[in-house]
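*Asks:* Dropping the structure in here first, questions after.
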Amino acid sequence: MRFSDTLVLIGLTGLAGAHPSRRTPNPSPLSKRAIDLEAFKLPPQAEYVSQEEVPEDASAKVVAKRADYTETAKDLVKTTFPKATFRMVSDHYVGSNGIAHVNFKQTINGIDVDNADFNVNIAADGEVFSYGNSFYEGKLPGPLAKRDEKDPVDALKDTVDVLSLPVEAEKAKPVRKSANHYTFTDTKGTVSKPEAKLVYIVDENKNLKLTWRVETDILDNWLLTYVDAAQTDKVVGVVDYVAEATYKVYPWGVNDPTQGSRTVVENPWDIVSSEFTWLSDGSTNYTTTRGNNGIAQVNPSGGSTYLTNYRPDSKDLKFEYDYSTTMTNPTSYRDASITQLFYTANKYHDLLYVLGFTEQAGNFEVNNNNQGGKGNDQVILNAQDGSGTNNANFATPADGQNGRMRMYLWDTSSPQRDGSFDAGIIIHEYTHGLSNRLTGGPANAGCLPGGESGGMGEGWSDFMAVAIHLKAKDTRSANKVMGDWAANKPAGIRAYPYSTSLTTNPYTYKSTNSLSGVHAIGTVWATVLYEVLWNLIDKHGKNDSDVPKFTNGIPSDGKYLAMKLVIDGMALQPCNPNMVQARDAIIDADTALTKGANKCELWKAFAKRGLGTAAKYSSTSRTESFTLPSGC
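In terms of mature numbering (1 follows the signal peptide of the UniProt record, and there is no 0), the sequence shown is residues -18 to -1, 1 to 614.
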C-alpha cells in the first residue's frame, strides 16, 4: 500500500534538457505529477554467493580466518577485487544468530560509488559464511579535475527544476560539511536542509557516472537525486526513502475492529526490548505518547512538524479513550487513534527486538543505551495525517535519522475509517523500516529500490502482518487478506488472498514476468513466504502468544521461526537482491540458526511456487523451477 512504501532507484535519462526559465515549484507529490519513478528504475546488479557455494568459491577458498572478523571480511573483498579501492562502513555487527555482518563501499578517486556495495557474512567460527556484491568492474576514470563537475548549487537548482519539486532554491547557499559534501541554507520547502555530495553511480548500462547526490526531504518524497556532475539538468537516478501505563486499545493479535473488542492493557512493554519502558528515553519520563521507540501525534495538516502537534497527556498514565466505528468526526476520537498507533508500533518494536532487530542492527530508538548503532531515530508516528487518504507510508533513512510513518483516514466507507485501527497496516509500514535497515546494513537505506527488490519489500511487509495475525484455529487451509477493513473490501486489496492453494492463489515465480509495480510483485513474494510459514508450522507447531519462546536461541514454533528466518535472511542478502538471492539467504539463515534442520521444508515451499533449484532471475524474463535438491 503506499501502504505502499516507495523506495525507488530510477534512471531518469529522459528528464533532462534545456530550461530557459525556472518552473514554479509544484507542491503535489511526484506520483501525482506524472513522474513515474518505477518506470525508470535501475536493474539490480548484485551477486550473492550462498553458504552452500562458499566452499567452492575461488575467492572465499583462499581467505584465511583472522582473529578480527572485520579483517577476514576485508581480506575477502581484497581477494575478490584486488585492484579495487573501498572503505569499510561503520555499521558492522554480530546478529542474534551469531552471524557477523560487514559492509563495504567501493571508492574511486577517494569518492564513493554509491550503488557499489560488498556485504560479507562471517560465521561464528570466523569463516566466511556468505557474501554479496555489486562492485563496479569497468574502466576506471582518471583523477578528477575541477572541470569534471559543476557547482553544487546548480545541482540543487536543476534537481528542483527537472523534478518540479516544491522547493525554493534560488537563494541557496552551500555550506561545506566535508570534502565534496555540502548542506544548503536559504532554501524553503524541505523538512531538513538539502544536501549535495559528489559520488559516482553505476547506471543501468553499467557505466560509471560522476554525479551530485542531492538529498531533499519534501515529506511526500524523501529523495536522493543523482544528477550528472557536469550536466546537472540530467538526472541519472533517484532513490525515494518514502514508501508511501494503561492503554485502551485493540490488543495485539486483533487486527481491526471486526476481529475483537477494545480492552485496557497495563504496562504492555517488554522490559528487555524497551529497557526504559515506552514512556521514557532514559533521561526524560513522559506522560504522553512519547518514548524511546516512537512519538505519536495527530497531524491533520499533513505538514512536517510533529513536536508541537497535539498528543494526549495523562499525568496518571491512563491512556484510556473512547472510540467506536460509528463515530463520524475524527477529531472526536483522535486520542484513541494516537494511542492505538503508539501501542501497535511499540508492540512491534518489542517483538522485532527479540527476533534480532536490535540497536546494532539499526532499529529505531532515541537512546541506544550503549548497545551499538546510532540513536536519535525513534519513529515519528502521525495519526490522521492529512497529506493523503486511503493509504499510509513509511520513510526509512539511514540509521541515526528518524523513521516516519504517516497513517491516513480512509473514505471508502461511511463513516470514514482510521488506518491507525488496522494493525496490519501499521505492521506493514513498520516492516519497511525493518527490511530497509537490514538489507545492505543500517547505514545504507537504499537497497530495496524498486522492481523485484522493491516488490519483495512490499511482500515482506504483508508477510509479517499476516503471520502476526494468524488465529489459534488457523490451519494451512486458511486464506488471509490485507487491508480489508480499512479499504472496506472483504476480499482485500491484493490480486489474490494469501493461500497455500494454487487454485485460490495461482501465483508462481514466473507470474512476475507479467506483473508491474512493487505491490503486484510483492504479492508473489508474500505468497511464497506464506508457503514457508505453513511448512514450518506443520513441522514445529504454532505459538499463539504475543512473543516467541526460544530453545538455544531458536524459536521453538514454526510461526516465529519463519519470521526469524525471514529477518535473518534480510541481513544476509546483498543490496538490491532478487527473489532467487533472497531465497538463498533464507536457506542460509536456517543453516546459521539451526544447522539446516529445515532445509527440505524451505525448499519444498520455494519449489511449490516456482523458486526451485533451477529458478533464474532476469530483468526481462524469470525462469521458474519446481525442482528440489537431492535429499528432499
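All C-beta atoms, glycine included, are put in the ideal place defined by N, C-alpha and C.
#1: Helix or strand or just coil, what does DSSP make of Val324?
#2: How far does the beta strand (DSSP E) with His414 in it reach, from first residue to last?
#3: Which residues in the same chain as Ser286 place their Cβ atom closer than 7 Å to its Cβ, once the five residues preceding and following it in sequence are excluded?
#4: Could you please give the first and the last residue of the uninterrupted alpha helix (DSSP H) stretch that includes Gln563?
#5: Would you say Gly344 and Leu420 are within 8 Å of each other, going by their C-beta atoms?
#6: Assuming Ile277 contacts Gln360 (C-beta within less than 8 Å), just tell me the rounded distance between them.
#7: Just to confirm my understanding: we take Ala154, look at its own chain, exclude 5 residues before and 5 after, and list those with CB closer than 8 Å. What are they?
#8: Please report how far the alpha carbon of Ser3 lies from the alpha carbon of Ala587, in whole angstroms.
#9: Here's a check: name, in chain order, each residue in its chain whose Cβ is nearer than 7 Å to the Cβ of Ile519, leaving out the five neighbours to either side.
#10: What separation, rounded to the nearest whole angstrom, lies between the Cα atoms of Tyr325 and Pro148?
#11: Quick one: grab the DSSP three-state call for Met309.
#12: Does the pairing of the region 332 to 348 with the region 428 to 443 give three or more beta-carbon distances under 8 Å?
#13: What residues are listed by DSSP as bridge partners for Ser160?
#14: For Trp442, which residues of its own chain have a beta-carbon under 6 Å away from its beta-carbon, when the five flanking residues on both sides are left out?
#15: Out of curiosity, what's the CA-to-CA distance linking Val84 and Ser296?
#16: What are the partner residues of Ser607, as DSSP defines its beta bridges?
#17: When the Cβ atoms of the region 509 to 518 are set against those of the region 579 to 586, are three or more pairs found closer than 8 Å?
#18: According to DSSP, residue 616 sits in a beta bridge with which residue or residues?
#19: Can you give me the C-alpha to C-alpha distance between Asp456 and Tyr491, rounded to a whole angstrom?
#20: Would you mind reading off the limits of the alpha helix (DSSP H) that contains Asp466?
#21: Between Leu575 and Lys524, what straight-line distance do the alpha-carbon atoms span, to the nearest angstrom?
#22: What does the alpha-carbon distance come out to for the pair Ser256 and Val71?
#23: How many Å lie between Asp222 and Tyr208 at the Cα?
#24: Express the C-alpha separation of Asn249 and Ala227 in angstroms, rounding to a whole number.
#25: For Ala365 versus Ile409, is the C-beta distance shorter than 8 Å?
#26: Among Trp194, Tyr390 and Glu302, which residue has its Cα nearest to the Cα of Ser283?
#27: Residue range of the alpha helix (DSSP H) that Ala55 falls in?
*Replies:* Working from what's here:
#1: It is worth fixing the name first, because residue 324 is Phe in this sequence and not Val. Three-state result, Phe324: helix.
#2: Segment Ala405 to Leu420 is the alpha helix (DSSP H) holding His414; no beta strand (DSSP E) there.
#3: Here the set comprises Val173 and Leu201.
#4: In the DSSP assignment, Gln563 falls within the alpha helix (DSSP H) that extends over Met561 to Thr576.
#5: In this structure, the beta-carbon distance from Gly344 to Leu420 falls below 8 Å.
#6: Correct: roughly 6 Å between the Cβ atoms.
#7: If we look at Ala154 and ignore the five residues flanking it on each side, its Cβ neighbours are Val135, Leu138, Lys139, Phe166, Thr167, Asp168, Thr169 and Pro176.
#8: Bear in mind that a pLDDT of 34 at Ser3, under 50, signals an unreliable position, so the number given afterwards is only what the model happens to contain. About 57 Å.
#9: Listed in chain order, the non-local C-beta contacts of Ile519 below 7 Å within the same chain comprise Gly540 and Lys541, local neighbours out to five positions each way being set aside.
#10: Between Tyr325 and Pro148, the alpha-carbon positions lie close to 34 Å from each other.
#11: Reduced to three states, the DSSP call for Met309 is coil.
#12: Counting Cβ pairs under 8 Å, fewer than three are found: no touch.
#13: For Ser160, which the question treats as bridged, DSSP gives the partners His163.
#14: The answer, listed in chain order, is Thr413 and Ser417.
#15: Using only the alpha carbons, I get a separation of about 44 Å.
#16: Per DSSP, the beta-bridge partners of Ser607 are Leu593.
#17: Because the criterion of three Cβ pairs below 8 Å is met, the region 509 to 518 and the region 579 to 586 touch.
#18: Residue 616 lies beyond the residue range present for the chain, which begins at -18 and ends at 614; the question has no answer from this structure.
#19: Pairing Asp456 with Tyr491, the inter-Cα distance amounts to about 26 Å.
#20: Note, Asp466: alpha helix (DSSP H), Asp466 to Ala469.
#21: Taking C-alpha positions only, Leu575 is separated from Lys524 by approximately 19 Å.
#22: If you take the alpha carbons of Ser256 and Val71, they lie about 27 Å apart.
#23: Computed Cα separation, rounded: 11 Å.
#24: Ala227 and Asn249 have their C-alpha atoms spaced approximately 5 Å apart.
#25: For the 8 Å CB-CB criterion, Ala365 and Ile409 do not form a contact.
#26: Considering only alpha carbons, the answer is Tyr390.
#27: Under the DSSP assignment, Ala55 falls in the alpha helix (DSSP H) whose first and last residues are Tyr51 to Thr62.
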